[in-house]
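Undergrad: Note that our numbering numbers the sequence shown so that position 311 is 313, with each residue one more than the last. C-beta atoms are modelled at their ideal positions from N, C-alpha and C, and glycine is treated no differently.
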Amino acid sequence: MKKSFLIAILFAICNQLTFAQKETTIVTLKTDQKAPIINKHIYGHFAEHLGRSIYGGFFVGDTSKIPNTNGVRNDVVKALKELKIPNLRWPGGCFADTYHWKDGIGPKENRPTIVNQWWGGVTEDNSFGTHDFLNMCELLETEPYISGNVGSGSVQELSDWVQYTNFTGKSPMSDLRKQNGRTEPWKVKFWGIGNEAWGCGGNMKPEYYAGEYRKYTTFMPDGLTRIASGASSDDYKWTETLLKDIPLKMLGGVAIHHYAVIDWNKKGADVDFTEDLYFKTMKEALKMEELVTKHSAVMDKYDADKKIDLVVDEWGGWYDVQKDTNPGFLYQQNTMRDAVLAGATLNIFNNHADRVRMANLAQCVNVLQAVILTDKAKMILTPTYHVMKMYSVHQDAKLIPVSFNSPLYTFNGESLPAVSVSASKDKNGLVHISLVNVDAKNKNKVEIDISNLGIKNVSGTILTSSKLQDHNSFDVPNKIVPVAFKGFENKKGKLEIAIPPFSVITLEAK
Ligand code: AHR
């Protein structure tokens, strides 16, 4: 017998033993509890003028040989429609507070250029502007979420932008829109009032920003969802100040941004990472639970009826850029680590659906934790794409609260909750349960009592691979794809599920 074969057998036996010794975690579905609808906008995306997100990613121009519709890649549109993306945030990010929308309308040859100061100092030719974005959202059947420029813009500029995109009657801006070829307004509902006002959006103090927010939104019509530029991670004072200083009726949502970054100066590799790095990334990612809990608690003090949305409009993993790529373009590969990160984060959002009503993964194409990567005419779907697709069943479904004590994932003497779960019931009565095992080495076994749900059939889908570092590449685009999951047994209404290490599962019960 070959030595490697023997080692593999020993490894399998040890694995089984660990599994056998591990206790089963009992997950209770609290079907009797009042629960909110999981807002589909939790599954939103983000497209900034950054690196190859817009140019090359979404947009190739209508003279490109890559199949396109008015310059927008057909392959990307098809993939995102299949994902049912509910909203798309644009044009930034940090870029938003440098963007003057009037530079991006009218004949392309007349559009001025600007320097993209935050992202590589490249020249932005404004060939993708308001019409291109909003028409693309129509193609994608998604809601646009526009981030206005507060940092270097003006109240008049933002007010004009709203009038340009939304006004039906006759006005200077609607006339200009018609002159540029669009008769009907697009009716953009979601408006961000600046971005990261505490940093690249103007280095403001929260009190100062609250004043700016009040001024800017005064000149925007009612009926829009106006979203305040929110805190970075655990800056609860920022959220508190906004809630205190801004009349509640002026606030549609308050944002927060949180990236799973282990060290801003040394983020670590996107693919060739160790378990140590994986553990640290997951520790940062799972902080989202504490962040949304505590920001929600601050909001509850001022808005007990939970009228204002908590909008996590930037989240995801952030690593060192791929070798030989522009450091300002934030291009990274996407592995099983990202799939686990996405599944666990979406479970947190689902379980906090009473307050978290919108979120945007950063970013959609070719930037950070992308769902799509492109290389000229080629396009691949990342493991994160597949998780978002598996989880799309929760969009606008009724949350089923869960309770359980997670087993631990221990590494180097530190522990994290290993299992994460969320569940919902959709309009057709289908129950979906999403489970993630964060543990890099051990399976975890859970039991869920579904006997009172009147369920006859259960089926499942799993995303997993043999190594955490596995990913899809342009050469092997389908190394990681969801497959049917058979690792469960329905024992008289008690579902026993064995979740392999670093895997994401969605069960459908009907
Ligand atoms: O997503 C990349 C950048 O991260 C965004 O532009 C900014 O808002 C955040 O700091």
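1) Considering only their Cβ atoms, is the gap separating residue 346 from residue 287 smaller than 8 Å?
2) Return yes when the C-beta of residue 197 is under 7 Å from any heavy atom of ligand 1, and no when it is not.
3) Within the continuous beta strand (DSSP E) that includes residue 42, where are the two ends?
4) Among the candidates 440, 392, 400, whose CA atom is the shortest distance from the CA of residue 509?
5) Measuring alpha carbon to alpha carbon, tell me which of 66, 387, 466 ends up nearest residue 500.
6) In terms of alpha-carbon separation, which member of 484, 232, 387, 344 lies closest to residue 438?
7) Quick one: does the C-beta of residue 209 sit closer than 7 Å to a heavy atom of ligand 1?
8) Which same chain residues, not among the five before or five after residue 442, have their C-beta less than 8 Å away from its C-beta?
9) Look at residue 290 and residue 41 and say whether their C-beta atoms are less than 8 Å apart.
10) DSSP state of residue 412, grouped into three classes?
11) Below 8 Å, how does it come out for the region 451–460 and the region 366–373: are there three or more Cβ pairs, yes or no?
12) Straight-line CA distance for residue 480 to residue 468?
13) Just checking residue 119 against ligand 1 - is the residue's beta carbon closer than 7 Å to any of the ligand's heavy atoms?
14) Helix, strand or coil for residue 467? Go by DSSP, reduced to three states.
15) Which class does residue 134 belong to by DSSP, given the choice of helix, strand or coil?
16) Whole angstroms are fine: how far does the CA of residue 382 sit from the CA of residue 375?
17) Over what stretch of residues does the alpha helix (DSSP H) that includes residue 297 continue unbroken?
18) Here's the rule I'm using: 16 or more other beta-carbon atoms within 10 Å means buried, otherwise exposed. How should residue 134 be labelled?
19) Considering only residues of the same chain and omitting the five flanking positions on each side of residue 162, which have a CB-CB separation below 6 Å?
20) Is residue 365 near ligand 1, judged by its Cβ being under 7 Å from some heavy atom?
21) CB of residue 221 to nearest heavy atom of ligand 1: below 7 Å?
22) Within 10 Å of its beta-carbon, does residue 325 have 16 or more other beta-carbons around it, so buried, or fewer, so exposed?
23) Using a beta-carbon distance below 8 Å, is residue 143 in contact with chain E?
24) At the level of alpha carbons, what is the spacing between residue 58 and residue 329?
25) Run through DSSP, which three-state label would residue 200 get?
26) Just mark residue 128 as buried or exposed, buried being the case when its beta carbon has 16 or more other beta carbons within 10 Å.
27) State yes or no: is the C-beta of residue 332 nearer than 7 Å to some heavy atom of ligand 1?
28) Identify the continuous alpha helix (DSSP H) that holds residue 163 and give its terminal residues.
29) Does the region 327–341 touch the region 489–496, meaning 3 or more C-beta pairs lie closer than 8 Å?
30) Answer yes or no: do residue 352 and residue 424 have a C-beta to C-beta separation smaller than 8 Å?
31) Consult DSSP for residue 504 and reduce its assignment to one of helix, strand or coil.
TA: According to the structure shown:
1) yes
2) yes
3) Note, residue 42: premise wrong, no beta strand (DSSP E); not H, not E.
4) 392
5) 466
6) 344
7) no
8) 277, 280, 281, 411, 413, 470, 503, 504
9) no
10) strand
11) no
12) 14 Å
13) no
14) coil
15) helix
16) 5 Å
17) 277–304
18) buried
19) 175
20) yes
21) no
22) exposed
23) In the structure shown, chain E cannot be found, because there is only a single protein chain.
24) 17 Å
25) coil
26) buried
27) yes
28) 157–168
29) no
30) yes
31) coil
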